[in-house]
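Visitor: Sending over a structure as structure tokens; questions will come in a sec.
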Amino acid sequence: AVAGAGLAGAPDVVATVTLSKALGSQGGAVLGPGRVIGHLVNAARTFVFDTGLAPAAAGAALAALRLLRREPVRATQARAVARRLYQGLAAAGLPVSPPDAAVVAVRAASPQAAERWAAECRTAGLAVGCFRPPSVPDGISRLRLTARADLTETELARALSVITGTAPAAGAFGDG
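Shown next, in the form of structure tokens:
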């Protein structure tokens, strides 16, 4: 978003980023001028009482960033895969939100339906995220799907088949 707004590299821009989605690591970071970061580290309760990222997570994020610098097309490819995933789910009538990155969210009727749906997907060999209260507000339980740049058409078709095929049995729309 910062780069899209033409603000990348601007001296007084502060941005928060996640390391857990596109970079496949965990945690997040605050990027900005040294004086702001210094203040946060010394005054913000979430930093003062935090032990920081595990070295392996920081290393994984750094390796992913280096890969993206060498192969920037991967970000474009991941967004294209997310769009194809969205289009396939929408065409099947699933309540899916248009992606603005590599993450596609599909609504479920209830927290229980989301849990059943994620379990059905896992049983079929597909790992999906399952978000329900309290990690999201009441009424918006969902599956979270992460598109990868290297996902093949065959893998994408299989993912779509599993997600759409397991939705009714899980009561994803409130029918079960």
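Every number in my numbering is 123 more than the matching position in the sequence shown, counting from 1. All C-beta atoms in this analysis are idealised placements derived from N, C-alpha and C, irrespective of residue type, glycine included.
On the CB-based measure, 16 or more other CB atoms within 10 Å of its CB, does A133 come out buried or exposed?
Guide: exposed
Visitor: Tell me, please, which residues DSSP counts as bridged to G252.
Guide: Beta-bridge pairing links G252 to R267.
Visitor: Would you kindly report the start and end of the unbroken alpha helix (DSSP H) that includes L208?
Guide: Its alpha helix (DSSP H) spans residues V196 to A214.
Visitor: Closest by CA to A186, which one among D273, A177 and S148?
Guide: S148
Visitor: Grab me the residues of L212's own chain with a C-beta within less than 8 angstroms of its C-beta, minus the 5 sequence neighbours each way, in chain order.
Guide: V219, V227, V229, L283, I286 and T287
Visitor: Contact defined as beta carbons within less than 8 angstroms: I believe A225 pairs with R189. What is the distance between those atoms, to the nearest angstrom?
Guide: The pair is not a contact, with the Cβ atoms about 18 angstroms apart (cut-off 8 angstroms).
Visitor: Give the single residue among T269, A250 and R245 whose Cα lies nearest to the Cα of P221.
Guide: Of T269, A250 and R245, the residue nearest in Cα terms is T269.
Visitor: Comparing alpha-carbon positions, which option in A152, G157 and S143 lies nearest D135?
Guide: G157
Visitor: DSSP state of T277, grouped into three classes?
Guide: helix
Visitor: Return yes when the Cβ of V171 is within less than 7 angstroms of the Cβ of V137, no when it is not.
Guide: The answer is no: Cβ separation not under 7 angstroms.
Visitor: For R230, list the residues DSSP reports as bridge partners.
Guide: Note: R230 sits in a beta bridge opposite R265.
Visitor: Is it the case that the Cβ atoms of L234 and R255 are separated by a distance below 7 angstroms?
Guide: According to the sequence provided, residue 234 is Pro. The question's Leu does not apply to it. A contact, by the Cβ cut-off of 7 angstroms.
Visitor: Taking just the CA atoms, how far does L154 sit from A166?
Guide: 16 angstroms
Visitor: Whole angstroms are fine: how far does the CA of R193 sit from the CA of A124?
Guide: Cα atoms of A124 and R193: separation of roughly 21 angstroms, rounded to the nearest angstrom.
Visitor: Do S264 and A231 have their C-beta atoms closer together than 7 angstroms?
Guide: yes
Visitor: Below 8 angstroms on the Cβ atoms is my guess for G150 versus L176; work out the distance and round it to an integer in Å.
Guide: 5 angstroms
Visitor: Please say whether V140 and A152 have beta carbons closer to each other than 7 angstroms?
Guide: yes
Visitor: For a test of the three-state rule: what should DSSP assign to T246, helix, strand or coil?
Guide: Helix.
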